[in-house]
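Only one structure is covered here, and it is reproduced in the block below.
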Amino acid sequence: MTEHELVCAENAVRLDKFLATADIGISRSMAVTLIESGQVSVNEKPCDKKQKLSVGDRVAVTVPDPVPYEAKAENIPLEIVYEDSDLLVVNKPKGMVVHPAAGNYEGTLVNALLWHCGDSLSGINGVLRPGIVHRIDKDTSGLLIVAKNDASHTALAAQIKAHSFTREYEAVVFGTVKDDRGTVDAPIGRHPVDRKRMCITPKNSKNAVTHYEVIARYKGYTHIRCVLETGRTHQIRVHMASLGHPVAGDPVYGVKNERVGFPGQCLHARKIGFIHPSTGAYLEFQSDLPPYFQEFLRKLENISK
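Numbering (my numbering), first residue to last: 1 to 305.
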């Protein structure tokens, strides 16, 4: 366990928010858990998550050590688009988490890959993310690449860093996008208060560039294609939301109470292209829009007639 002694520097800040924004590596939900389990005190007294702090209040918090975990193989079906001795290209369904993390230690893509590949996955990212070169969100469907050995992983990661890795998405976004095409060039970093969100910010951020073009316009929505220059967490979702056109069904950055019903976030990794790490040949793969996406487009076509 790790003991932290903190001093509040502002008035009327909630205790759980204070802990989540302190540099002790915990989220707001974890802060609530620690408070409720008696691991936090204010001025050496018991406290409540909604308690408001004042300047000079002394907060003591005990953060338990992380529980060691090793991902386990699970017999989960995979849609493999391409495979050889160096890598796989997988078409991930919407709703599947890519790798184990707090709250999602089973049923992930990594669990399925361990069953399919056994020990034939790169180890650069450790036991929880073997083979994972890049990620897509749980509620995003589509293509991603998996490395079977460290040499392939290193070569593929270098392509991503050099922006020579082709990644093309399709999305339905809220509202009518006026320009036929455009570019969002805005740095993305962790939200200063809600640690589960990303935001456009100049502080502790990385450059992020998204190119987009309109495929079709409907009543209240637009079908777009996005090409990534960079690959930041939630990049398309944050960039499109910054234009006032969040991804349809996005539970974090989206519009609440949208009138057109649909089954969740409408974002699909449609195309991926890269230089093969062993042969040097350029490979490119495409994935058809999944049924949930196609059904939503049909619904939009009907209401737009």
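The beta-carbon is built from N, C-alpha and C at its ideal position, and this holds for glycine as well.
Q.
Using DSSP's beta-bridge definition, name the partner residues of Lys138.
A. None, per the DSSP bridge assignment.
Q | Endpoints, the alpha helix (DSSP H) within which Leu15 is located | A | Leu15 to Thr21
(Q) How far does the beta strand (DSSP E) with His223 in it extend, from its first residue to its last? (A) Looking at the DSSP string, the run of the beta strand (DSSP E) that includes His223 is Tyr221 to Leu228.
Q. Hey, how far is the Cα of Asp194 from the Cα of Arg232?
A. 17 angstroms
Q. Would DSSP call Phe165 helix, strand or coil?
A. coil
Q. Roughly how many whole angstroms lie between the Cα atoms of Ile160 and Lys92?
A. 19 angstroms
(Q) From the DSSP secondary-structure annotation, give me the bridge partner or partners of Met307. (A) Look at the range of the chain in this structure, 1 to 305, and you will see that residue 307 is not part of it.
Q) When the Cα of Met240 is compared with those of His211, Ile215 and Lys219, which residue comes out closest? A) His211
Q) Does DSSP put Ile80 in a helix, a strand or coil? A) strand
Q. DSSP on Ser37, reduced to helix/strand/coil?
A. coil
Q. At a cut of 8 angstroms, does the stretch 167-175 reach the stretch 268-285 through at least three beta carbon pairs?
A. yes
(Q) Quick check on Arg129: buried or exposed, where buried means 16 or more other Cβ atoms within 10 Å of its Cβ? (A) buried
**Q.** Minimum C-alpha distance to Thr166 - residue among Gly175, Cys226 and Asp288
**A.** Cys226
Q.
Using CA atoms only, rank isn't needed, just tell me which of Val13, Ser304, His4 and Glu10 is closest to Thr176.
A. Ser304
(Q) On the CB-based measure, 16 or more other CB atoms within 10 Å of its CB, does Ala12 come out buried or exposed? (A) When all chains shown are included, Ala12 counts as exposed.
**Q.** Close-in-space but distant-in-sequence residues of the same chain around Lys203 (CB under 7 angstroms, 5 per side omitted)
**A.** Gly189
**Q.** Rounded C-alpha distance that separates His223 from Ala216
**A.** About 5 angstroms.
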